[in-house]
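**Student:** Quick note on numbering: the sequence shown equals residues -15 to -1, 1 to 677 in mature numbering (1 follows the signal peptide of the UniProt record, and there is no 0). All residues carry an ideal CB built from backbone N, CA and C; glycine is no exception.
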Amino acid sequence: MIFAVITFLIFVSSAEIDICVPAFPQIQAHFGLTPFTTEMLLGVNLLLHCIGAFFAGNLGDKYGKKIVINYGLLIFLISSYVCFIADSFSLLLIGRAFQGLGVAMPMVLGPIIVLDVYEKEKQQSMRTMMTGFTTVAICIAPSLGSYLTLYFGWQANFLALFIMSIMAVLLFNIFIPSDKKTNNNITFSIKEYAVIFKSPLTLICVLMFCLECGSYYAFVGMAPIIYIESFGVSLKMFGIYQGILTLTFGIFSIFSKPLINYFGKKTTFIGSMIMFVGFLPMCLFALIFNTHNAAYITFVITILSVGVAIPLNFLYVFALNSIPEASSRISAIMTVGKWLLSIIGFQLASYFYSHDFRSTGWIMLVMEGTSIVLTTYLFIKNKNFKKEMIDSPIPKNMTLPMPGPHFAILGTLLIAFLIHIIFVNFTVGGSALSVIYEICGLKNKKYDHFAHVISKTITANKSLAVVMGVGPLLCINVLYTAYFYTANALTGYAWISIIPLVATTFLFIYLHKYTWHALDKGWKKAIHILIGIIPALTLLFIPLIFLTNINLMLFPDKWVAVKGFFSALMLSNALNRYLHFVVASFALTGLFLVWYFKNSTDNYCLENNIDKQFAMRTGYNLFLYFTLSQFIFGFLVWWTLPEQGSNLHTTFIAFGGAIIALFACLVTVIELRQKAITGMLIVKRHYQVIGF
């Protein structure tokens, strides 16, 4: 019963924060306010909440938790009635301020009463449940506020809070027993918080927690003005949108423990982080194109809600346990910091508000981006943080039968990998060449047109590369399980980073492709080139991770000495194989461009301002010069092959391929010497492709 009553108190205290937020447009119209002034109703509430939370812990320890909570509930009850009868904005503002002060006491001290009842083993699950119910309250409150405002006016929100505060006082005093009396040894010196500020780990965790919460609540505070005023959404529809995105956050918070138990901590956390990181490019897309689509904005914030819900619970527990003897003070600092950043967020957003999502979006982007940087830093620098977030031991070997004949799986691997790597080459080379020729196009426009057409091919090639990469990856897992898994474990951070890197890169590829004309003039062109450089560099980096990982499989004698990705990168063959791959990407992309423009109609070339002969000749030149350079890089790869790869068979393949490639270069020279390139040798001389 104690848990149920305290949960109700926390529910009411949390709902108080934003139940009136959907009424902001009505309040703004009623009192003739600006968006910035209207947002002060939330700002002063959270400011007094922060002040109260800062001293609540010490007050509870000195005078007893129950009596302090009672005083807080009494302040909340009176101030809710003041807000209900307020006939001026000043009186409403005062009422909102004292509401925030009053609920700070049950918000900070309520969970401690519950935790005192349970043993240490159950405390984490109790914290998670209370966090979930707090989130649900914040989720339900805006939707409830929307319908109360719609049918009864903005005053109905405060009447509802007044009624709930009466229920909270009665339940609390009936079912919660008295605790310890006055302790005169407790002081209110700010020095008691010094231990927290002396711990970099605790400060970083607190800052990450506050940034993630502050960003989210900044949006919640601005949402009614953005949706109703800017997007023209009805109050009823706003309640649905707000309910969807905030309820998602609440559901994932409450069910975080079952999800972790089912999928495992590592999988759950990584999945959350992928969603978290995925929010950044989607938000950036909305900002660049100044999106006024309510459904898209809701989708983007929902992705963020899913991404941060579970990591926030991890982070909260980890921060409290970083200094066990100061957990109450850490909790107070986290509460204060969370709401202070929320205040700063939505007040800045309202100050720079320009009747769209942009001011709020930029603030969210900065906050969440900073949090991701800090998360990455802790993963690299702190082993305890890594263990807490992703505690996944390497499983023992399992003796499972092969799913098919060895030769069939090996043959599938060779064929599927050949197809996959060709499209990977097209994607990597095309992305880099598109940017290079776009830069050249600053002086000569024909290169810009050429680059634009190249960019159109990248999206199709990357999709085929991804689809055709599934088969080889599965075959490698089956044939070389122990080698592949060990290499993955040794390069863990880099290997798992491929997922968010690829997802982000693909979004930037589409952004680069579809903003070509929108960002074509003046300083906008520089931004467009920068957008293209990001995926080009990332696509050049991702193969380095793959090749380092695969190369590490060939050096089992080095596994003990390898300490991570950069350590594995220093093995003798890794960089040579990478350079060999990159050069092949440019060469093969050149050959692809010859084929592409050969099969393009004259009308297509005319529409895109392309000189067909120039395009095909450029493709041939790329193929020729980069293929010739492969004789250097290819020899280095062969020379540095480990013992497992150095045999007569691989030597025959390497030198046989070199002979065919040399012959392909001679054929290309013949084609280039013609006045009008026909591209027919591409069709007739298949060994040009085989030569790679």
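When you compare each of Leu578, Lys250, Thr500 to phenylalanine 599 by their alpha carbons, which one comes out closest?
**Tutor:** Leu578
**Student:** The alpha helix (DSSP H) that contains leucine 213, what's its start and end?
**Tutor:** First, the residue type needs correcting, since residue 213 is isoleucine and not leucine in the sequence shown. Segment: none, isoleucine 213 is in no alpha helix (DSSP H) and carries neither H nor E.
**Student:** In chain order, which alpha helix (DSSP H) runs of at least 4 residues are fully inside the stretch 473 to 525?
**Tutor:** Within the stretch 473 to 525, the alpha helix (DSSP H) runs of at least 4 residues that lie entirely inside it are, in chain order, 477 to 499.
**Student:** For arginine 658, count neighbouring Cβ atoms within 10 angstroms of its own Cβ and tell me buried if that reaches 16, exposed if not.
**Tutor:** exposed
**Student:** If you run the structure through DSSP and keep just helix, strand and coil, what is leucine 18?
**Tutor:** coil
**Student:** So, with DSSP's three-state summary, where would you put proline 7?
**Tutor:** helix
**Student:** Comparing C-alpha positions only, which one of Phe(-8), Leu272, Tyr281 sits nearest to methionine 149?
**Tutor:** Phe(-8)
**Student:** Contact between the stretch 356 to 376 and the stretch 254 to 268 is defined here as three or more beta-carbon pairs at a separation below 8 Å; is this criterion met?
**Tutor:** yes
**Student:** Considering only the alpha carbon of each residue, which of Pro127, His513, Ala479, Ile(-6) lies closest to isoleucine 535?
**Tutor:** Ala479
**Student:** Roughly how many angstroms separate the alpha carbons of threonine 134 and phenylalanine 74, rounded to a whole number?
**Tutor:** Cα to Cα, the separation comes out at about 17 Å.
**Student:** Cutting at 6 Å between CB atoms, please list the residues of its own chain near phenylalanine 83, excluding the five before and the five after it.
**Tutor:** Ile60, Ser64
**Student:** As a quick exercise: from Val545, Tyr422, Ala153, Trp580, pick the residue whose alpha carbon is nearest that of aspartate 433.
**Tutor:** Tyr422
**Student:** For the 8 Å Cβ check, are there 3 or more pairs between the stretch 505 to 517 and the stretch 534 to 551?
**Tutor:** no
**Student:** Which residue comes first and which comes last in the alpha helix (DSSP H) that contains glycine 256?
**Tutor:** 250 to 273
**Student:** Report the residue from Thr586, Ala279, Ser238 whose alpha carbon sits nearest the alpha carbon of phenylalanine 223.
**Tutor:** Ala279
**Student:** Kindly list the residues whose CB is nearer than 7 Å to the CB of isoleucine 151, restricted to its own chain and excluding five residues on each side of it in sequence; keep chain order.
**Tutor:** Cβ neighbours of isoleucine 151 within its own chain (closer than 7 Å, five residues either side excluded): Leu62.
**Student:** Alanine -12 by DSSP, collapsed to three states: which one?
**Tutor:** helix
**Student:** Got a sec, what are the start and stop residues for the alpha helix (DSSP H) tryptophan 347 sits in?
**Tutor:** Note, tryptophan 347: alpha helix (DSSP H), 343 to 366.
**Student:** Can at least three beta-carbon pairs, one atom from the stretch 562 to 578 and one from the stretch 603 to 618, be found at a separation below 8 Å?
**Tutor:** yes
**Student:** If we ignore side chains and look at the alpha-carbon of each, how far apart do serine 631 and serine 557 end up?
**Tutor:** Note that serine 631 has pLDDT 49, beneath the 50 cutoff, so the model's placement of it is unreliable and the number below is only indicative. Looking at the two C-alpha atoms, the distance is approximately 14 Å.
**Student:** Pick helix, strand or coil for tyrosine 338, following the three-state DSSP scheme.
**Tutor:** Reduced to three states, the DSSP call for tyrosine 338 is coil.
**Student:** Excluding the 5 residues preceding and the 5 following threonine 345 in the sequence, name in chain order all residues of the same chain whose CB lies nearer than 7 Å to its CB.
**Tutor:** Around threonine 345: Ala203, Phe204, Met207, Ile211, Ala334.
**Student:** When we look at the beta-carbon of proline 309 and count the other beta-carbons within 10 Å, is it buried (16 or more) or exposed?
**Tutor:** Residue burial is scored here from C-beta neighbours: proline 309 has fewer than 16 other C-beta atoms within 10 angstroms and is therefore classed as exposed.
**Student:** Could you tell me how far apart the beta carbons of asparagine 561 and leucine 621 are, in whole angstroms, since I believe they sit closer than 8 Å?
**Tutor:** 5 Å
**Student:** Look at the alpha carbon of threonine 276 and the alpha carbon of proline 10, and state the distance between them as a whole number of angstroms.
**Tutor:** 21 Å
**Student:** In angstroms, rounded to a whole number, what distance separates the CA positions of arginine 314 and glycine 415?
**Tutor:** Arginine 314 and glycine 415: Cα-Cα distance of roughly 55 Å.
**Student:** Measure the alpha-carbon distance for alanine 474 versus asparagine 446 and round it to whole angstroms.
**Tutor:** 30 Å
**Student:** Could you name the residues of the same chain whose beta carbon sits closer than 8 Å to that of leucine 237, not counting the 5 residues immediately before and after it, in chain order?
**Tutor:** Residue identity check: residue 237 is phenylalanine in the sequence provided, not leucine. Leu244, Ser290, Val291, Ala294, Ile295, listed in sequence order.
**Student:** Here's the rule I'm using: 16 or more other beta-carbon atoms within 10 Å means buried, otherwise exposed. How should histidine 340 be labelled?
**Tutor:** exposed
**Student:** Sorted by chain position, which residues of the same chain lie with C-beta nearer than 7 Å to leucine 58's C-beta, five sequence neighbours on each side aside?
**Tutor:** Gly87, Pro91, Ser150, Ala153, Val154, Phe157
**Student:** What are the boundary residues of the alpha helix (DSSP H) that arginine 658 is part of?
**Tutor:** Neither: arginine 658 is in no alpha helix (DSSP H) and is coded neither H nor E.
**Student:** What's the gap between the Cα of glycine 228 and the Cα of cysteine 268?
**Tutor:** 20 Å
**Student:** Out of Lys548, Gly49, Phe40, Gly17, which has the shortest C-alpha to C-alpha gap to leucine 472?
**Tutor:** The sequence given here has alanine at residue 472, not leucine. Selected option, being the one with the closest Cα: Lys548.
**Student:** Relative to the C-alpha of threonine 523, which candidate in Ser552, Thr489, Ala511 has its C-alpha closest?
**Tutor:** Thr489
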